[in-house]
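Worksheet: the structure to be examined is printed underneath.
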């Protein structure tokens with residue numbers, strides 16, 4: 001957060017890129033760089049299949065790229081890699097490290113929590129989460145065990161909590177406006193950018209369709 | 001290390017239990033408790049298949065048990081879980097987080113490094129490792145990708161570095177004395193205790209066969 005106001009960093013959640021598990025780091029770095037140039041405001045490193053050594057190397061590279069573009073850099077699940085790469089924050093799922101403990105021990109970190117229901121959203125806010133990732137808003141192939149929430153749960157979470165909400169799961173450029181209209185502060189995507197023929201153009205389109 | 005002298009904590013490496021990946025936490029806790037009662041001096045939590053949430057819960061329980069028996073508690077790979085569970089240290093493999101970085105950021109932690117050769121052992125010592133796990137000394141089914149080093153590499157590592165060395169991989173009660181004779185300060189085992197019909201007796205036998 002480093003001197004950013006709440007409004008500043010909330011705005012950084014608007015176009016939120018989550019990386020995929022492709023093995024080639026050079027590909028990941030190239031896509032993230034394009035995406036940042038296109039208008040991505042937050043990069044989350046999510047690597048479910050990788051050991052800590054290579055993941056940390058990738059984190060350090062993405063941290064630099066994000067900083068160079070004034071974007072947030074968040075690490076999924078691995079608080080240790082967030083700390084060692086000087087990330088802005090960590091994003092935890094319901095079976096990852098508890099947000100309350102992370103926040104109490106490392107208050108300087110932005111802590112995001114995945115929520116699939118209003119109950120989970122309210123509990124996460126009580127636990128000290130700084131923002132929520134709510135979804136899966138649409139069906140998605142990226143995360144096999146994802147629960148489909150639809151836009152209704154997102155809208156209900158918006159009414160139930162005060163912290164910023166990012167919609168996630170199956171979001172495309174065309175669907176982005178209705179996710180924002182349901183009350184999201186931003187849209188998180190994996191394949192809409194990571195698998196786009198032109199990641200920079202995809203990011204630019206998402207930035208344009210999410211601006212208020 | 002909390003006021004322990006180097007000799008104190010080196011002696012704590014003598015009977016070193018590494019947990020397995022069995023899903024049932026109650027089983028793990030029960031075996032570790034038996035093993036500590038039998039004479040285990042160090043417990044390493046190693047969970048390659050588990051999310052951070054449940055792993056942290058297990059870590060907190062094992063941390064308490066280890067403390068109650070005056071044993072060290074170490075977490076494999078997940079520095080974050082080591083920090084949040086107040087572990088004594090973290091153990092990293094060659095593709096895990098770099099020992100040098102962990103040690104420079106968290107100097108109060110004991111950092112162990114797995115080494116499969118004299119080169120890796122010397123580098124780990126230069127990186128600031130507090131102890132080495134050298135192996136696999138014997139063939140093992142526990143870790144499919146383990147490199148077989150034999151006792152010769154362990155003896156060569158002993159001559160090449162000054163930090164304590166724990167032998168690991170396929171070590172049984174009967175083999176423990178020759179591992180110590182090759183220069184090890186302790187023996188690390190998974191199945192010799194985790195799969196023993198009587199974990200307490202197995203730990204006691206290892207403690208007896210490793211005492212100098």
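Protein chains in written order, with UniProt numbering: chain A, 1 to 212; chain B, 1 to 212. Here a beta-carbon is modelled for each residue, glycine too, at the ideal position from N, C-alpha and C.
Rounded C-alpha distance that separates residue i from residue j
i	j	result
residue 148 of chain B	residue 137 of chain A	49 Å
residue 37 of chain A	residue 177 of chain A	21 Å
residue 12 of chain A	residue 183 of chain A	16 Å
residue 61 of chain A	residue 80 of chain B	20 Å
residue 117 of chain B	residue 123 of chain B	10 Å
residue 26 of chain B	residue 5 of chain B	33 Å
residue 66 of chain A	residue 32 of chain B	44 Å
residue 185 of chain A	residue 125 of chain A	16 Å
residue 54 of chain A	residue 146 of chain B	19 Å
residue 78 of chain A	residue 155 of chain B	36 Å
residue 47 of chain B	residue 211 of chain A	43 Å
Check whether residue i and residue j have beta carbons under 8 Å apart
i	j	result
residue 193 of chain B	residue 181 of chain B	no
residue 161 of chain B	residue 206 of chain B	no
residue 144 of chain B	residue 114 of chain B	no
residue 85 of chain A	residue 109 of chain A	no
residue 199 of chain B	residue 49 of chain B	no
residue 196 of chain A	residue 39 of chain A	no
residue 213 of chain A	residue 10 of chain A	For residue 213 of chain A there is no data in the structure shown, the boundaries of chain A being 1 and 212.
Close beta carbons around residue i, own chain, < 6 Å, minus the five adjacent residues each side
i	result
residue 91 of chain A	44, 74, 76, 112
residue 168 of chain A	133, 135, 188
residue 41 of chain A	12, 14, 15, 71
residue 103 of chain B	111, 128
residue 58 of chain B	25
residue 98 of chain B	none
residue 8 of chain B	none
Chain-order list of residues whose beta-carbon lies under 7 Å from that of residue i (same chain, five-residue window excluded)
i	result
residue 190 of chain A	18, 20, 142
residue 209 of chain A	173, 176, 177
residue 120 of chain B	94
residue 157 of chain A	115, 118, 121, 132, 134, 165
residue 170 of chain B	136, 137, 138, 139, 140
Presumed contact (8 Å Cβ cut-off) between residue i and residue j, rounded CB distance
i	j	result
residue 151 of chain B	residue 187 of chain B	Their Cβ separation, rounded to whole angstroms, is 12 Å, which puts residue 151 of chain B and residue 187 of chain B out of contact at 8 Å.
residue 70 of chain A	residue 100 of chain A	At roughly 30 Å, the Cβ-Cβ gap does not stay under 8 Å, so residue 70 of chain A and residue 100 of chain A are not in contact.
residue 131 of chain B	residue 153 of chain B	With 8 Å as the limit, residue 131 of chain B and residue 153 of chain B do not qualify as a contact, their Cβ atoms being about 16 Å apart.
residue 52 of chain A	residue 96 of chain B	4 Å
residue 22 of chain B	residue 29 of chain B	Not quite, the Cβ-Cβ distance comes to about 11 Å (not below 8 Å), so this is no contact.
Buried versus exposed call for residue i [16 or more other C-beta atoms within 10 Å across all chains shown]
i	result
residue 68 of chain B	exposed
residue 82 of chain B	buried
residue 159 of chain A	exposed
residue 105 of chain B	exposed
residue 107 of chain B	exposed
Same chain, Cβ closer than 8 Å to residue i, five either side skipped, listed in chain order
i	result
residue 64 of chain B	none
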